[in-house]
Each structure stands twice: as C-alpha cells, then as structure tokens.
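Colleague:
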Amino acid sequence: MESISWLYRNCGRKRALEFMALLIMISLCLLLILYFTTPEKYEKITSQKMVSEAQPLVMTTITCEQNVSVANIKEFSTFPTRMQDFLYYRHCRYFPMLLNVPNKCTIPKKSGEPFLLLTIKSSPENYERRAVLRKTWAAERLQSGMWIRTVFLTGTTGTGFKKQRLNKLLKLENTRYQDILQWDFDDSFYNLTLKQVLFLDWMQNWCPTADFLFNGDDDIFANTDNMVDFLKEQSDNDGSKHLYIGQLVLTSPPVRDKKSKYFIPELIEKAKVYAPYCSGGGYLYSRFTARTILQMSQSITLMPIDDVYMGMCLQRAGLQPTDHQGVWADGLIIPSDKLDIYDPCHYREIILSHKFLPHQIFLLWDEIHRKDLNCSKKEVNL
Numbered sequence: 009m010e011s012i013s014w015l016y017r018n019c020g021r022k023r024a025l026e027f028m029a030l031l032i033m034i035s036l037c038l039l040l041i042l043y044f045t046t047p048e049k050y051e052k053i054t055s056q057k058m059v060s061e062a063q064p065l066v067m068t069t070i071t072c073e074q075n076v077s078v079a080n081i082k083e084f085s086t087f088p089t090r091m092q093d094f095l096y097y098r099h100c101r102y103f104p105m106l107l108n109v110p111n112k113c114t115i116p117k118k119s120g121e122p123f124l125l126l127t128i129k130s131s132p133e134n135y136e137r138r139a140v141l142r143k144t145w146a147a148e149r150l151q152s153g154m155w156i157r158t159v160f161l162t163g164t165t166g167t168g169f170k171k172q173r174l175n176k177l178l179k180l181e182n183t184r185y186q187d188i189l190q191w192d193f194d195d196s197f198y199n200l201t202l203k204q205v206l207f208l209d210w211m212q213n214w215c216p217t218a219d220f221l222f223n224g225d226d227d228i229f230a231n232t233d234n235m236v237d238f239l240k241e242q243s244d245n246d247g248s249k250h251l252y253i254g255q256l257v258l259t260s261p262p263v264r265d266k267k268s269k270y271f272i273p274e275l276i277e278k279a280k281v282y283a284p285y286c287s288g289g290g291y292l293y294s295r296f297t298a299r300t301i302l303q304m305s306q307s308i309t310l311m312p313i314d315d316v317y318m319g320m321c322l323q324r325a326g327l328q329p330t331d332h333q334g335v336w337a338d339g340l341i342i343p344s345d346k347l348d349i350y351d352p353c354h355y356r357e358i359i360l361s362h363k364f365l366p367h368q369i370f371l372l373w374d375e376i377h378r379k380d381l382n383c384s385k386k387e388v389n390l
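Listed below in structure tokens is the structure:
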C-alpha cells in the first residue's frame, strides 16, 4: 500500500493506474504459463497435437443416431430389412476415417501429381482382388508420360473378431502399399453412394490436383493404358472442364419389386425414370466434374444406387454423362459362341469390361501386353 501511495504522490493518479494494470497483466500471464506447463496438461496438449498431425482427417467424436421416425412411414414395415436400415441412417454422411493416405497425390513431389487417379470400390475381405489389381491394371506407374495413382475405397464388415481381423488386414495392406481409404461404416451395397460421397470429400482435401478420375469395381478388367491415351487426346480439357464417360443408361425406371436388390420405393424416388447416368461398373470423369458432383450432393439426399445418384447430381448441375463404345460395364458381347470370350484381342482396344475373377484379370493383363500378340482385327475401336 505504501508503494501505491508513493506512486500517487510522485507520478500522479494516471501513471499509477497504468502501472497497476501492467502488474495485473504480468501476473495473469505467469498464472497461465504455470497452468499449461504442468506435466499433465503438457502431455495432453502434446498428445492432441500428435494425433492432429498424424491423422488430420480422423474424427473420433462424431456419432449418428438412428432416425426412428421413419418407422412411422406408410408401408415401412413391408420394406426389406436392408432398405429399412438404409432409411434409418440415410441422413448420416460423416464417419470416422480409419485409414488414410494423406500423401497419395504429393509424393514424389511434383513428379507424382496424378494425371489419372484410380478409385476402386472394394470390400474389406476382397484381398485377392486388390492383390491382383496392384500387379495389373491398377499398378501405380508412369504411363505415356502421365502418372497413374490408385486408392481402394472401403468400409468395415462383420462384427467382433471377424471385423477386427479384417481391419488388421487392411491396416497391414495400407502399411505396405499406401493405397487404402477406409471409413467406419458398414460396407454394403446400399452404402456405395455414401462411400462415393466420402471419397469426393477426401479428394477435395487431399488430392485436389488430380486431373482425371476413374471410378470402378474391383472385379472389372480395365485397360488403363487406353484410358491414359484417351484422356491425353482431350487436348482442350486438362481436367478443368466437364467430362463424364462410361456406358450410358437412359430412361431407366426405378425397380419397385421389393424382392429385387435394386428395389427403390417411391419414398426415395418418385420419378418414373432416373436421370441419365453411366453404369457403375466403371466410368471416367474430370476434376471439374468431381468437384461439381460433390457440391450438388450437399443438397441431394442419399439414395442406395450410387451410379444413379451420380446421374442425379449431374442433372442438378445441368451436366450430361456421355456414352463411350469402349466401356462394357455389363460385360463384353462376343458376336459368336465359337469365339473365346477371353481372347486378348477382344480387350486390347477397350476401356473396361465387367465381370472377371482375379486369375482371369491376371492372365488377360499379361496377354494383352505380349509383344508377339497378333490380332488380325480390332474388336472395338476407341
């Protein structure tokens, strides 16, 4: 108190108040430093920082509650169980990311930025398919001067020990190959749309520089050499313009048969026919189109069939999908029973065909690259 009185007498009221304010600020700063540098707090802050730096996309606090109100909808009780489950959680769009490859599109430095990013839908248990694809058409490489990069998109399967084993398998694969994107949702047919939307969001955050993308199943045969050649021919499009090609489907009506895998009630889609779309076996699209679809998806409720949903997003944006004669999403049609459907000459000039077993893909990829392969006639022109 004597020091304060001395200040008032010798420095005046104003200077004394300024000095007191300074002392209070210094005291508060010291208290904050002592609080945040205690061992417990320091360890907590450091731990949070390490988690943030190591896995910046992982979300550990987001939960999604079941929307029980949908059970009151007329005819809900007559829907198949898988459709009921879809409707219960249809509003859920954000799930924790279990496995990420944040450097996929930045290593090695500039030289590795992908011209074509292959995004392959794969269930956790499909290890054999992924193993073969890594050695064949999905191999990461420099093709015709352009980088091809690959990611497999997956969720979780099973419960208990089965789920734990499959998650360990995927983690081991990702440690070795750095090509798995996994989210903590049930990997099922009705969640393929969710998988696609989650990937598009991942791309915007982690791989925005990819010029073009290929979306396909893990049981197709894709001639990625031809994909790169086709995309390079798009001289007026470096990925900054619209491109969406595949096997075009027009005027396809929703299936109302509840026993069908593709059953869609009017509750989800009232239209008599779907918007134009490309069959989900595989399609190519540009960076511009990917961003546009992601933007449109924010205002379009999820529906179970992913390729139809993509078409809905395109239609909302005023864009059109395009047919390509080299895409055989329903399988290549051979003109005669006397011809071998697995003759490599049928596949040398196409973009993709569906549906193949792993050993068939492995053999066919090797055969179309044989230097002594002699095809008198090209079955399909690009």
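Just so we're aligned, residue 9 is where the sequence shown starts under the working numbering, counting upward by one. All C-beta atoms, glycine included, are put in the ideal place defined by N, C-alpha and C.
1) Within the chosen definition, does the segment 215-235 reach the segment 166-186 through at least 3 CB pairs nearer than 8 angstroms?
2) With 16 as the cutoff for other CB atoms within 10 Å, does glutamine 204 come out buried or exposed?
3) Can you list, in chain order, the residues of its chain whose CB lies under 6 angstroms from that of methionine 154, leaving out five sequence neighbours each side?
4) For lysine 129, collect the residues of the same chain with a Cβ closer than 6 angstroms to its Cβ; drop the 5 residues on either side in sequence, then sort them by chain order.
5) For leucine 106 versus glutamine 190, is the C-beta spacing smaller than 8 angstroms?
6) Considering only residues of the same chain and omitting the five flanking positions on each side of leucine 258, which have a CB-CB separation below 6 angstroms?
7) Of the choices Trp210, Pro104, Tyr293, whose alpha-carbon is the least far from that of phenylalanine 238?
8) Helix or strand or just coil, what does DSSP make of threonine 259?
9) Can you give the beta carbon distance from asparagine 213 to tyrosine 291, rounded, assuming they're within the 8 angstroms contact cut?
10) Is it a yes or a no for the segment 263-275 touching the segment 84-95, going by three-plus beta-carbon pairs under 8 angstroms?
11) Please report how far the alpha carbon of glutamate 181 lies from the alpha carbon of isoleucine 188, in whole angstroms.
12) I need the boundaries of the beta strand (DSSP E) containing tryptophan 191, first residue and last residue.
13) Cβ of tryptophan 145 within 8 angstroms of Cβ of threonine 86?
14) From leucine 208 to aspartate 338, what distance separates their C-alpha atoms?
15) Starting from the Cα of asparagine 111, find the closest Cα among Lys143, Asn134, Trp336, Trp210 and give me that residue.
16) CB-CB under 8 angstroms to alanine 279, same chain, minus the five flanking residues each way: which ones, in chain order?
17) Once you ignore the five residues that flank serine 152 on each side, which residues in its own chain have a CB closer than 6 angstroms to its CB?
18) Of all the beta strand (DSSP E) runs that stay within the bounds of the segment 124-192, which reach a length of 3 or more residues?
19) When the Cα atoms are used, what is the spatial distance from leucine 392 to isoleucine 313?
20) Tell me the DSSP bridge mates of isoleucine 253?
21) Is methionine 105 helix, strand or coil by DSSP?
22) Would you call serine 248 buried or exposed, if buried means 16 or more other Cβ atoms sit within 10 Å of its Cβ?
23) Which same chain residues, not among the five before or five after aspartate 246, have their C-beta less than 7 angstroms away from its C-beta?
24) Contact check, leucine 381 vs proline 343 under 8 angstroms by CB: the rounded distance?
25) When burial is assigned at 16 or more other CB atoms within 10 Å of the CB, is serine 55 buried or exposed?
26) If you follow the alpha helix (DSSP H) that asparagine 213 is in, where does it begin and where does it stop?
Modeller: According to the data block:
1) no
2) buried
3) Phe123, Val236
4) Leu161, Asp225
5) yes
6) Pro284
7) Tyr293
8) coil
9) Actually they do not touch by this definition, with Cβ atoms about 22 angstroms apart.
10) yes
11) 7 angstroms
12) 188-194
13) no
14) 25 angstroms
15) Trp210
16) Pro262
17) Val236
18) 124-129, 149-151, 154-164
19) Only positions 9 to 390 of the chain appear in this structure, which leaves residue 392 out of reach.
20) Leu292, Thr330
21) strand
22) exposed
23) Asp219
24) Incorrect: roughly 20 angstroms between the Cβ atoms, too far for contact.
25) Note on serine 55: pLDDT 30, under 50, position unreliable in the model; the coordinate value appears next. Flag for serine 55 reads exposed.
26) 200-214
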